[in-house]
Each structure stands twice: as C-alpha cells, then as structure tokens.
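Take a look at the structure below.
And the structure:
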C-alpha cells in the first residue's frame, strides 16, 4: 500500500513539475511575447489535465488488464485524452497541428482513439484571414497582391498546419494555386518544439508506456525543410523528373518568379480526393487500377529511387478522369516533406520485405537488426511494417487477404504492446519513420476504396524490392563472374514473379482460398 501511495505522490509531483517547468521555459525565453506565454500555459494545463484523466481512470487502482471493464475504461480514457489534445492543437495551431496530423497518420502504431480524433486535422486546420496572407505576400514579394494577381479567391482551397492555399489568376491569365505560410509559424516554432519536448519527456517519466520522444525529434528535423517553400518547389520538379514516364501522374508546375520561402505559386489543378468514392464511381474511375497505380508509384519511390513523398494523405492526392479520357490522371500535391533514403537503408528494408513475403524468420531478424530493431522485437516490427498480425505473416501475407475484421482486431490488440511499439520507434533507423507513416496512409486509402483484399500493390512491391537489391548488389560488385550471376538471378526472379502473378490473378478471379 505504501509503495502504491508513493508511486501516486511521485506521479502527482511530476504533474506539478509541468506547471513549474512552464515558468522556467517562459523565463528562459524572456523575449517571448504574450501570445507565447498563453501557448505555454495552455500546453501545460492540457498536459496536466490529460495526465490527471489517466491517473483517475486507470492508475488509481490495480486492474486486471485483460478484463473487459479495463479495456472499455482505457478506450474511454484514450478518447478523452485525444479530444483534449485536439483542442490544444487547434488552439495553438502551427507545429501543434503538424504533430497532430502525424499522430493521425500512424494508423497501426498508436491507440485508435488518438488516430481517428487527430485525423480531422488533415482537412480541418484553422485558417487565417486574407489580409494576414496579403501581409506575408507583401513582405516576401515586395509588391501588393493587387499588382500580382488579377483575381484572388478569399476562400481557401485548403488549410494545413503551416500554410493555406488559395485559387488565383495572374495578370497574364494563368490560373494558379497560391500557398502562403501562416504568419505566426516561424516565430513560434522553436519555442513550441522545445516546450513540447519538455512535456513529452515529463509524460514519459509519469507513464513508462508513453515514449514519444521520437515524434518530436522527427518534427524538429523535418520542420525546417517544410518551412522552406523554395525547397518544396525543387522537390516537386525532382519527383516530376524521376517519374516522367508515368504518363498518368501530374505534378503542378511551379511559377518561380512569384515564389519565395513563404509563398509558393503553382499551376492550379482540380479533381476529386483519392478517397472520395462517390467522385471516383461517378467519373467511372477503376478502383483496382487506381490502387495499383498508387502501389506502383510508392513502391518505386521507397525501394528504387529512395525519394519518397511522405505526406500522401487524401487531400494531397487528387484524381481526375473526363469522359473523353482513357486513363485516370493522378495529381500529386504538397511536396514539402520527402524522405531521402540511403542505399543501405533501401537494401535492408527490401531484404526485410522479401523475408516477410518468404516467411523467413531469420532473414526478417537479420535485416530488422540492421535497421536498429532488437532481435526480440523483429516480429513486432514486421507487423508494424505490413500492418498485419504475426499469425498472418507466418501463414503468408500473399495467401491471406486483408479484411476489415483483421484490421479492427489488429488495431485493438496493438495498444497492448504500446511500450514495445514505442521501443521500436525509438531505436529504428530514423529513415523508417517517414516510410512507416507513408505505408499507413497508403493502406488507409486502400481500405477506404475497399481494395484491401485485392492487394493491388503486392506484386509491384515485390518486383521493386527485387530490383532494388539487384541494382545495389550489382553496383557494389566488381567481379565479372559475380555480376553475371546477379544478372541471371535477377532475370530468373522476374520470371518466377511473372508466373506467380498469373497464379494470383487466376486465384483472385476464381476466388480460390489458400
């Protein structure tokens, strides 16, 4: 009993430390204006409030953690905490929205209550007034917006954590989309990140299962890139060049004369969001074909080019097909965040995937370790990578079709291993974090379109893994004999995959169960 009370006292003392810390941080950053002080106080209050929710609902007594009562109460606590966090993100905006969106993308890695609640931030971020946008445009382009644009729609096409986008028309008649950074983002980002880091470190001491330092580390690393719109423009041109042979893929043209670090003017495009099933069906867009195209694109990004568009949420992928078109056009938007994967990472990640496909535990373990995962956690990491349970991986992910029931079971079970999941995320090669986020977003699109059972991208992903390994091994081999062996092995692998692809197609058409 004394030990339990002592734990309570320690936890409550740490909660108090959050409030004391707010004063310390505010004093340290003495140049912070009143808005920053309000943001710090709001964050401290929310952290304490969420902590007390868990304390009163879950940590105030001993539970049988397998009981239905505990599971129900834990879900309710998660939901209450998620709603408090959402309220904080909306109030503080900027980098808080960005972190909230990241949480909303981790479909299989965090409690479902947080993921579903935070997901609203992808389409419902707070917006600025047109005059606030005009101020940024004047400061950066040294001209009044009236001199630059013939028309400027005051209603945004979309709002995001760092910026919002408006439709406009240049003086020469070109229709453009104008992305303008929120005026408050840059001055608040450094302080916000330091404060969020303090909060998360404190919460991790209170709740050992809450190890989310990796999320702040990634945000700190990526935010500078996302705040530079000139880099975003370069990323757009790079991906357009890399995939110029994909005739169905379009990346909006950048208008460099009108672009700065905080203002990006690009070609205006329209279409339906990739998860808008009503739009897709109305315009007679083939769902299997669309999913196959997305699987092809992102498999080549991850395994072959190593240049990965890392924010593929539905608002950033538009589709369009006019009556006279034979093929759908896919527009890829928002190029602020790209993962640049090293050759070493791509090699071991490809080997890991092929090990998963082959149900080769030793291959999984070896290459998971090369990515920073402990030997005792390789199975859990395989589940995180595929988004599928371990028993399915052992049976063969190509032999068991994904289902909504499987997804629901997986999401309900994963929080029971939250500590081990966060251990994986803390220690894995940092390049994997954006790839995991990308995987989850693409899987989410597949489920929304009802295409998960077709496993549209399975074959092309396997081919891309094989191609990546072949190219990297060939590049590092000088022996003529070894190079000939690799060439033969690669051709044979492609032939085997071709035959297997025919088998899978027949099995799908005949609805044969393994």
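Residue numbers (this note's numbering): 56 to 569.
We put the beta carbon where it would ideally sit given N, CA and C, even for glycine.
Residue 410 - DSSP class collapsed to helix/strand/coil: helix
Between the C-alpha atoms of residue 181 and residue 148, what's the straight-line distance to the nearest angstrom? 7 Å
Residue environment, residue 125, which counts as buried when at least 16 other CB atoms sit within 10 Å: exposed
Could you tell me the boundaries of the beta strand (DSSP E) in which residue 373 lies? 372–375
Determine the closest residue to residue 453 out of 338, 413, 106 and 543, with distance taken between C-alpha atoms. 413
Output yes or no for whether 8 Å exceeds the beta carbon distance between residue 112 and residue 141. No; because the gap between Cβ atoms is not below 8 Å, this pair is not in contact.
Closest to residue 311 by C-alpha separation, out of 292, 391, 171 and 305, would be which residue? 292
When DSSP builds the beta bridges, which residues end up paired with residue 334? DSSP output for residue 334 lists no bridge partner at all.
Host beta strand (DSSP E) of residue 222 (start-end): Note, residue 222: beta strand (DSSP E), 218–225.
Residue 209 classed as buried or exposed, judged by whether at least 16 other C-beta atoms fall within 10 angstroms: exposed
Using the DSSP secondary-structure output, state which residues sit across from residue 214 in a beta bridge. 219
Within the segment 277–334, ranges of the alpha helix (DSSP H) (whole runs, at least 4 residues): 284–297
Alpha carbon to alpha carbon, how far is residue 458 from residue 429? 30 Å
So the alpha helix (DSSP H) residue 169 belongs to, where does it begin and stop? 167–173
How many whole angstroms separate the CB atoms of residue 443 and residue 465, which I take to be in contact at a CB cut-off of 8 Å? 7 Å
How big is the Cα-Cα spacing for residue 241 and residue 232? 22 Å
Can you confirm whether the segment 182–196 touches the segment 224–239 when touching is taken to mean that 3 or more C-beta pairs between the two stretches lie within less than 8 Å? yes
Cβ-based burial, residue 555 [other Cβ within 10 Å; buried from 16]: exposed
Grouping DSSP H, G and I as helix and E and B as strand, with all else coil, what is residue 180? Residue 180: coil per DSSP, three-state reduction.
Cβ contact check for the segment 355–369 and the segment 494–502: 3 or more pairs under 8 Å: yes
Cβ-based neighbour list, residue 159, same chain, cut-off 7 Å, excluding 5 preceding and 5 following: 170, 173, 174, 176 and 177
Inter-residue spacing [alpha-carbon to alpha-carbon] between residue 230 and residue 288: 17 Å
Determine, using beta-carbon pairs with one atom in the segment 296–306 and one in the segment 370–387, whether at least three such pairs fall under 8 Å. yes
In whole angstroms, what separates the C-alpha of residue 244 from that of residue 150? Those two C-alpha atoms are separated by around 6 Å.
Are the CB atoms of residue 278 and residue 98 nearer to each other than 8 Å? no
In DSSP terms, what residue 395 is bridged to: 362
C-beta contact flag for residue 517 and residue 552 at 8 Å: yes
Taking residue 270 as the reference, which of 251, 423 and 357 has the closest Cα? 251
Where residue 188 falls: helix, strand or coil (DSSP): helix
Classification of residue 371 by the beta-carbon crowding that lies within 10 angstroms, buried from 16 upward: Label assigned to residue 371: buried.
Counting C-beta neighbours from all protein chains within 10 Å, is the total for residue 228 16 or more, i.e. buried, or is it exposed? exposed
From this set, 344, 165 and 489, which residue's C-alpha is nearest residue 391's C-alpha? Cα-wise, what sits closest to residue 391 is 489.
How many whole angstroms separate the CB atoms of residue 520 and residue 358, which I take to be in contact at a CB cut-off of 8 Å? 5 Å between Cβ atoms; contact.
Using a Cβ-Cβ cutoff of less than 8 Å, which residues in the same chain neighbour residue 507 once the five nearest sequence positions on both sides are dropped? 456, 457, 458, 459, 462, 498 and 501
Is the number of C-beta pairs between the segment 332–348 and the segment 215–224 that are closer than 8 Å three or more? no
Who pairs with residue 234 in a beta bridge, going by DSSP? 220 and 319
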